[in-house]
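*Asks:* In the working numbering, the protein residues as written are -19 to 145. Don't be surprised by glycine CBs; every beta carbon is placed ideally from N, CA and C. Here's a structure for you.
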Ligand SMILES: [Zn+2]
């Protein structure tokens, strides 16, 4: 067998909902939103974290802008797909709309706490929706499915370290 490994696909029932919503994100992100108090719900769940209401609907944030509040560089992974692509950067972005979301960090983002980022929904190699955080000035092509590897290019550790300086 010589099949390439895929990213992990194990998801909770809420992960499946997240995945279904992501298919209509078209360059933005789609999250549940509370119809009573307006809060955006992430991680996905079936009641509002602010008012405990259950009156939720899906809504698209066309320009999901936010601020990078934390990030880390993974050096190893138990997942074969990621292990072949180390190091790998992930971060926490506080969206202007309210929720904090975890995203893969795209090429071009400086990885500086406090920097502005745009979060978009992309598909990974396992056909699952994930978030990627990008430099807000970066062009995001519309009208087609965006792929994680369009924005996060696996590089040698030396290239990555030089880029981080
Ligand atoms: Zn609410």
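Can you look up residue -14 in the DSSP assignment and give me helix, strand or coil?
*Replies:* Stepping through the chain shown from its first residue, residue -14 is reached at position 6. The answer is coil: DSSP assigns residue -14 none of H, G, I, E or B.
*Asks:* With DSSP as the reference, label residue 85 as helix, strand or coil.
*Replies:* The sequence position of residue 85 within the chain shown is 105, counting from 1. Residue state, collapsed to three classes: strand.
*Asks:* Using the rule of at least 16 other Cβ atoms within 10 Å of the residue's Cβ for burial, across every protein chain shown, is residue 42 buried or exposed?
*Replies:* For the purposes of this step, residue 42 is taken as residue 62 along the chain shown, with counting starting at 1. Looking at its Cβ environment, which holds fewer than 16 other Cβ atoms inside 10 Å, residue 42 is exposed.
*Asks:* Could you pull out every residue in the same chain whose Cβ sits closer than 8 Å to the Cβ of residue 93, ignoring the five residues on either side in sequence?
*Replies:* Residue numbering aside, residue 93 sits at position 113 when the chain shown is read from its first letter. Contacts found: 48, 49, 50 and 51.
*Asks:* Quick check: is any heavy atom of ligand 1 less than 8 Å from the C-beta of residue 78?
*Replies:* Position 98 of the chain shown, counted from the start, is the residue given in the question as residue 78. Checking every heavy atom of ligand 1 against the Cβ of residue 78, none is found closer than 8 Å.
*Asks:* Tell me which residues share the same chain as residue 138 and place their Cβ nearer than 8 Å to its Cβ, disregarding the 5 neighbours each side in the sequence.
*Replies:* Within the chain shown, residue 138 is the residue found at index 158, counting from 1. Bear in mind that a pLDDT of 46 at residue 138, under 50, signals an unreliable position, so the model cannot answer this.
*Asks:* Hey, residue 86 and residue 131: beta-carbon distance below 9 Å or not?
*Replies:* As a working note, residue 86 is residue 106 in the chain shown. As a working note, residue 131 is residue 151 in the chain shown. Yes, the Cβ-Cβ distance between residue 86 and residue 131 is below 9 Å.
*Asks:* Can you check the region 45 to 85 for any beta strand (DSSP E) of at least 3 residues that lies completely inside it and give the ranges in chain order?
*Replies:* For the region 45 to 85, whole beta strand (DSSP E) runs of length 3 or above, ordered along the chain, are 68 to 75 and 80 to 85.
*Asks:* Determine which residues share a DSSP beta bridge with residue 152 and list them.
*Replies:* Residue 152 lies beyond the stretch modelled for the chain, which goes from -19 to 145, so this question has no answer here.
*Asks:* Tell me whether residue 93 sits in a helix, a strand or coil according to DSSP, three-state version.
*Replies:* In the chain shown, counting from the first residue as 1, residue 93 sits at position 113. Of the three classes helix, strand and coil, the one that applies to residue 93 here is coil, per DSSP.
*Asks:* Is it the case that the region 11 to 26 contacts the region -14 to -2, given that we only count it when at least three CB pairs across the two stretches are under 8 Å?
*Replies:* In short, these stretches touch, since the Cβ pair count reaches three.
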